[in-house]
Amino acid sequence: MQPRSEGIYVYALAEPGLPRHFTVLGRRLHALLIDDVAAVIERRQPPEFTTDAVRHQHAIITRLSSRLPVVLPARFGSFTDERSLRTLVSRHRRETLAALEQARGCVQMTVRVFGPSAASADHARASVRTGTEFLERARARMKHAPREAGIV
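So for the sequence shown, my numbering puts the first residue at 174; every next one is plus one.
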């Protein structure tokens with residue numbers, strides 16, 4: 174079994190202006206400036222993939238979002254090295270700056286609807302004759318948004 178290597182865990186991308194070092198919920202974070210984007214990182218070993226780790230990251234992002242004008246959260250488990258992170262952020266600089274501008278003043282909200290929808294019940298009842306037909310119906314179900322989730 175190989176020892177776990179230390180690298181960079183990425184929490185979010187933000188605008189420059191953060192202190193180089195700061196603490197959020199017990200984590201010693203760094204603002205790594207890459208061009209005109211600040212990567213909020215922690216130098217550490219890869220995370221444990223547990224529910225508690227996901228909740229802790231969510232709490233950190235929530236705290237960052239309450240104190241910064243705009244934050245683009247990284248996906249849980251975003252672990253890399255500094256060179257790769259710098260290359261990736263530099264390569265996607267324009268898209269990142271556009272996303273920061275678009276997200277300014279917004280708050281992420283996730284809604285989960287449990288249970289079958291009327292559309293999925295109809296699809297389940299219909300007879301499927303081929304694998305292609307099954308996959309097409311599955312694709313259609315993925316695009317379906319329940320009436321309750323509509324934008325008003």
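Ideal Cβ placement from N, Cα and C applies to all residues, glycine included.
For this session: Look up A212 in the DSSP assignment and give the residues it is bridged to.
Result: Start at 1 with the first residue of the sequence shown, and residue 212 comes out as number 39. L186, L205.
Exercise. Are the beta-carbon atoms belonging to P220 and F195 less than 8 Å from one another?
Worked result: For the purposes of this step, residue 220 is taken as the residue at position 47 of the sequence shown. For the purposes of this step, residue 195 is taken as the residue at position 22 of the sequence shown. No, these two residues do not count as a Cβ contact at 8 Å.
Exercise. Which whole-angstrom value describes the C-beta separation of I214 and L205, a residue pair presumed to lie in contact below a C-beta threshold of 8 Å?
Worked result: The sequence position of residue 214 within the sequence shown is 41, counting from 1. The sequence position of residue 205 within the sequence shown is 32, counting from 1. By a beta-carbon distance limit of 8 Å, I214 contacts L205. Their separation comes to about 5 Å.
For this session: Please classify L245: does DSSP put it in a helix, a strand, or coil?
Result: Stepping through the sequence shown from its first residue, residue 245 is reached at position 72. The answer is strand: DSSP assigns L245 an E or B state.
Problem set entry | Other residues of its chain near M174: CB distance less than 7 Å, five sequence neighbours each side excluded | In the sequence shown, counting from the first residue as 1, residue 174 sits at position 1. Confidence at M174 is low in this model, with a pLDDT of 47, below 50, so the placement of that residue should be treated as unreliable; the coordinate-derived value is given next. Within the same chain, M174 has no close Cβ partners at all.
Exercise. H265 by DSSP, collapsed to three states: which one?
Worked result: Start at 1 with the first residue of the sequence shown, and residue 265 comes out as number 92. Coil, per DSSP.
For this session: Would you please state the rounded distance, in angstroms, between the beta carbons of A187 and A211? I believe it to be under 8 Å.
Result: Taking the first residue of the sequence shown as position 1, residue 187 is located at position 14. Taking the first residue of the sequence shown as position 1, residue 211 is located at position 38. 5 Å between Cβ atoms; contact.
Exercise. Counting along the chain, where does the alpha helix (DSSP H) carrying F307 start and finish?
Worked result: For the purposes of this step, residue 307 is identified with residue 134 of the sequence shown, where counting begins at 1. Counting along the chain, F307 sits inside the alpha helix (DSSP H) bounded by residues 304 to 316.
Problem set entry | Whole-angstrom distance between M315 and P246, CA atom to CA atom | Indexing the sequence shown from 1 puts residue 246 at position 73. Indexing the sequence shown from 1 puts residue 315 at position 142. So the alpha carbons of these two residues sit roughly 24 Å apart.
For this session: On a CA-only basis, which of L191, G304, Q275, L261 is nearest R240? Give me that one, please.
Result: Here residue 240 refers to the residue found at position 67 of the sequence shown. Of L191, G304, Q275, L261, the residue nearest in Cα terms is L191.
Problem set entry | Beta-carbon contacts of E255 that lie in its chain and below 6 Å, excluding the five residues immediately before and after | Reading the sequence shown from its first residue, position 82 is the one you call residue 255. The residues I181, in chain order, have a CB closer than 6 Å to that of E255 in the same chain once the five nearest residues on each side in sequence are set aside.
Exercise. Taking all protein chains shown into account, do 16 or more other C-beta atoms lie within 10 angstroms of the C-beta of A185, making it buried, or fewer, making it exposed?
Worked result: In the sequence shown, the residue the question calls residue 185 occupies position 12. So A185 counts as buried.
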